[in-house]
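To start, the structure itself, in structure tokens.
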Amino acid sequence: NFSGTVVQGGLGKLITHGDTDANTTLTAADSGAVVSIVDNATDQIITIPAASDVPGFRVTFCVTASPTDNLDVEQSGTPNNFITINTVGGTDSDDIAAAVQLRFLSSAAAGDIAEVYSDGTAYIVNSQTSAAGKILAVAP
């Protein structure tokens, strides 16, 4: 018999990114975090560790309000390799040969989400969006 709230496995880290924040930099210690995107100002980025430095690193990006400007997620150093799969109204894109970054368009809607995993070479991105082309792999 359960009563109240039962939590197993420990609590994760929640990081909020908004238009009044500077660029956001995640480290290996942030693996498992959820990044809540509440807004974004011009030219702000989120930097994550190079995939080769953090095999097994994972982070989930959740759009909780449409950002004012596009938001780019980049790896520290080069190359920026993201293999992306977008579902639920989105288009498939898989680009590992070129240096690409992950972009949340300003038209992304609350509820759009991207789960990002390092395989030790590149980041694998599984995203779900409300409409096509809201989370993309793009050249910097």
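For the sequence shown, this note's numbering gives the first residue as 180, with consecutive numbering after it.
A virtual CB, placed ideally from N, CA and C, is assigned to each residue, including glycine.
**Asked** Roughly how many whole angstroms lie between the Cα atoms of residue 313 and residue 241?
**Response** 12 Å
**Identity of the residues DSSP links to residue 281 by a beta bridge** = 252, 316
**Through-space distance from residue 202 to residue 194, alpha-carbon basis** = 12 Å
**Bridge partners - residue 293, DSSP secondary structure assignment** = 240, 306
**Asked** By the 10 Å Cβ neighbour count, where 16 or more other Cβ atoms means buried, how is residue 310 classified, buried or exposed?
**Response** exposed
**Prompt:** Where does residue 286 sit, in a helix, a strand or coil, going by DSSP?
**Reply:** coil
**Asked** So the beta strand (DSSP E) residue 206 belongs to, where does it begin and stop?
**Response** Looking at the DSSP string, residue 206 is not in any beta strand (DSSP E), and its letter there is neither H nor E.
**Asked** Since residue 213 is in the beta strand (DSSP E), which residue starts that stretch and which ends it?
**Response** 213-216
**Prompt:** So residue 195 is in the beta strand (DSSP E); what residue range does that whole segment cover?
**Reply:** 193-196
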